[in-house]
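Working notes for the structure below.
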Ligand SMILES: [Zn+2]
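Residue numbers (my numbering): 1101 to 1581.
Structure representation (structure tokens):
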């Protein structure tokens, strides 16, 4: 019988507000520890939290954009636990009345649409940061340093239903969620900076079983690559245990990036362990219909809508999805270019391959203003019409990024226009064959790689004006005739 994995994702999204969730401390991007603190985010006696309105607007925007129902009367709860990075001994979070419930997010996996079901979207505050000196882990550290700059930064937790079926799907989901929060302009969305942090709940069961297997939570995955590897590892670990009838225990496991294994951290707390109760310091949060409608009116073009526009231009689901994960100006530029070239695939390939590649090399984040959809299209059309080789197209693009020029004019004056006259090319081919009799004999003896040498001679003789594939075709025709 088949063993089926089931995955649920919990993702914390750090919002890009100016100030923290329940106090006026600035959100700072600094390596200096403990620069932005006050009695409230340190949880000192007598301090009182006051919710950040901008953060509530941001979470409402995210909940609406993931098709959630909005809870109009929500509540903040205290989630009690003791860690040194949470000095007030509880985290302000939401429990049974989260801002958003029962949503969904469209994703693309292997060129096909899938839907990830969202269970809840709730508001909470971040904790401080502990750095375990010596080993990196609390159990074997020589000392632990605490930085409270992060304590109290608004976090949105997005929890999916446990319906994700593979590591690939989990990765595609995080990529989509990341693009969404960037497009909504509510988070930097940088994984390397911890703006998005995710845990995976994984269980395995025999296909057809009515109940899910025991779930294990995996923490400490810092990149999409480690997310994929950790899920794969955990599925195979649990599958082996299930097959040999070992008891899988409910626990939290730590992904070890170096060893590429998960190891037990602690047995998993149930929600009863957290002693949730409503925070008596914060009144109920009323999200009026007016408020929700005002936020709804500010929803920008969503990643799923961008995908649709790219697909309508003629791109495949996969290409549309990839283009949607680039900066917005790339997508807009693609649309303008493909309208001129009338060739969506060639425009997509040239922009996402060659153009982005050259910009990356030059460490440019945007185009010089003289590189327009019009002159970039001119290059693509020259290639499409076999007037220039792809190598020449790359060269013209490099020049164009350096200085203003007209691609076709440049191609003409730099002798880059290809010879397309078959008779003319034929003459050159014959010339090369005549002067390489020995090579021809060796080719007929099976030394196929010498064909490339002759093609090179043809191109050289034509001063680079012959398209290599045309030259090869004519050459083989002559040799085999
Ligand atoms: Zn503060």
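Glycine included, every Cβ here is placed at the ideal spot set by N, Cα and C.
Indicate, with yes or no, if ligand 1 has a heavy atom lying under 8 angstroms from the CB of residue i.
i: residue 1587; result: Outside the shown range of the chain, which is 1101 to 1581, sits residue 1587, and nothing can be said about it.
i: residue 1137; result: yes
i: residue 1585; result: A question about residue 1585 goes unanswered here, because the residues of the chain that appear run from 1101 up to 1581.
i: residue 1125; result: yes
i: residue 1252; result: yes
i: residue 1154; result: no
i: residue 1120; result: yes
If we ignore side chains and look at the alpha-carbon of each, how far apart do residue i and residue j end up?
i: residue 1110; j: residue 1164; result: 18 angstroms
i: residue 1179; j: residue 1112; result: 16 angstroms
i: residue 1196; j: residue 1461; result: 50 angstroms
i: residue 1127; j: residue 1567; result: 57 angstroms
i: residue 1517; j: residue 1450; result: 19 angstroms
i: residue 1352; j: residue 1313; result: 15 angstroms
i: residue 1244; j: residue 1376; result: 28 angstroms
i: residue 1190; j: residue 1367; result: 19 angstroms
i: residue 1121; j: residue 1151; result: 6 angstroms
i: residue 1536; j: residue 1557; result: 10 angstroms
i: residue 1118; j: residue 1342; result: 49 angstroms
i: residue 1170; j: residue 1108; result: 21 angstroms
i: residue 1311; j: residue 1370; result: 18 angstroms
i: residue 1305; j: residue 1318; result: 18 angstroms
i: residue 1501; j: residue 1232; result: 47 angstroms
i: residue 1268; j: residue 1114; result: 24 angstroms
i: residue 1229; j: residue 1486; result: 58 angstroms
i: residue 1350; j: residue 1393; result: 42 angstroms
i: residue 1398; j: residue 1373; result: 39 angstroms
i: residue 1544; j: residue 1561; result: 23 angstroms
i: residue 1423; j: residue 1448; result: 8 angstroms
i: residue 1364; j: residue 1302; result: 14 angstroms
i: residue 1471; j: residue 1330; result: 43 angstroms
Could you name the residues that DSSP lists as bridge partners for residue i?
i: residue 1193; result: 1177
i: residue 1305; result: 1104
i: residue 1367; result: 1351
i: residue 1220; result: 1201 and 1259
i: residue 1119; result: 1126
i: residue 1209; result: 1212
i: residue 1114; result: 1255
i: residue 1527; result: None; residue 1527 has no bridge partner.
i: residue 1586; result: Here the chain comprises residues numbered 1101 to 1581, so residue 1586 is not present and cannot be evaluated.
i: residue 1319; result: 1354
When DSSP labels each residue in this structure, what does residue i get in the three-state scheme?
i: residue 1083; result: The chain is shown from 1101 up to 1581; residue 1083 falls before or after that span and cannot be answered.
i: residue 1247; result: strand
i: residue 1273; result: helix
i: residue 1254; result: strand
i: residue 1576; result: helix
i: residue 1411; result: helix
i: residue 1169; result: strand
i: residue 1300; result: strand
i: residue 1226; result: coil
i: residue 1389; result: helix
i: residue 1231; result: strand
i: residue 1461; result: helix
i: residue 1339; result: helix
i: residue 1356; result: strand
i: residue 1396; result: helix
i: residue 1616; result: Because the chain is modelled from 1101 through 1581, residue 1616 falls outside the range shown and cannot be assessed.
i: residue 1264; result: strand
i: residue 1362; result: strand
i: residue 1570; result: helix
Check your understanding: For the 8 angstroms Cβ check, are there 3 or more pairs between the segment 1135-1145 and the segment 1173-1180?
Key -> No, they do not touch.
**Study point:** Cβ pair count under 8 angstroms reaching 3, the segment 1220-1233 against the segment 1246-1259
**Key:** Yes: the two stretches touch, three or more of their Cβ pairs being nearer than 8 angstroms.
Check your understanding: Are the segment 1292-1300 and the segment 1231-1242 in contact at 8 angstroms, needing three or more beta carbon pairs?
Key -> Under the three-pair Cβ rule at 8 angstroms, the segment 1292-1300 does not count as touching the segment 1231-1242.
Check your understanding: Taking one C-beta from the segment 1346-1364 and one from the segment 1317-1330 each time, how about it: are there three or more such pairs within less than 8 angstroms?
Key -> Proximity of the segment 1346-1364 to the segment 1317-1330 meets the contact definition, three or more beta-carbon pairs being nearer than 8 angstroms.
Point to revise | Cβ pair count under 8 angstroms reaching 3, the segment 1143-1162 against the segment 1186-1200 | key: With a cut-off of 8 angstroms, the segment 1186-1200 and the segment 1143-1162 count as touching, because enough Cβ pairs lie within range.
Practice item. Decide if the segment 1202-1218 is in contact with the segment 1263-1270; the criterion is three or more beta carbon pairs, one per stretch, under 8 angstroms apart. Key: At 8 angstroms Cβ cutoff, the stretches touch.
Practice item. Specify whether the segment 1539-1556 and the segment 1510-1524 touch according to this definition: at least 3 beta carbon pairs, one from each stretch, less than 8 angstroms apart. Key: In short, these stretches do not touch, since the Cβ pair count stays below three.
**Study point:** Given 8 angstroms, three or more beta-carbon pairs between the segment 1402-1420 and the segment 1270-1286
**Key:** Because the criterion of three Cβ pairs below 8 angstroms is met, the segment 1402-1420 and the segment 1270-1286 touch.
**Study point:** the segment 1565-1580 touching the segment 1543-1557, judged by at least three CB pairs closer than 8 angstroms
**Key:** Output reads yes: the segment 1543-1557 touches the segment 1565-1580.
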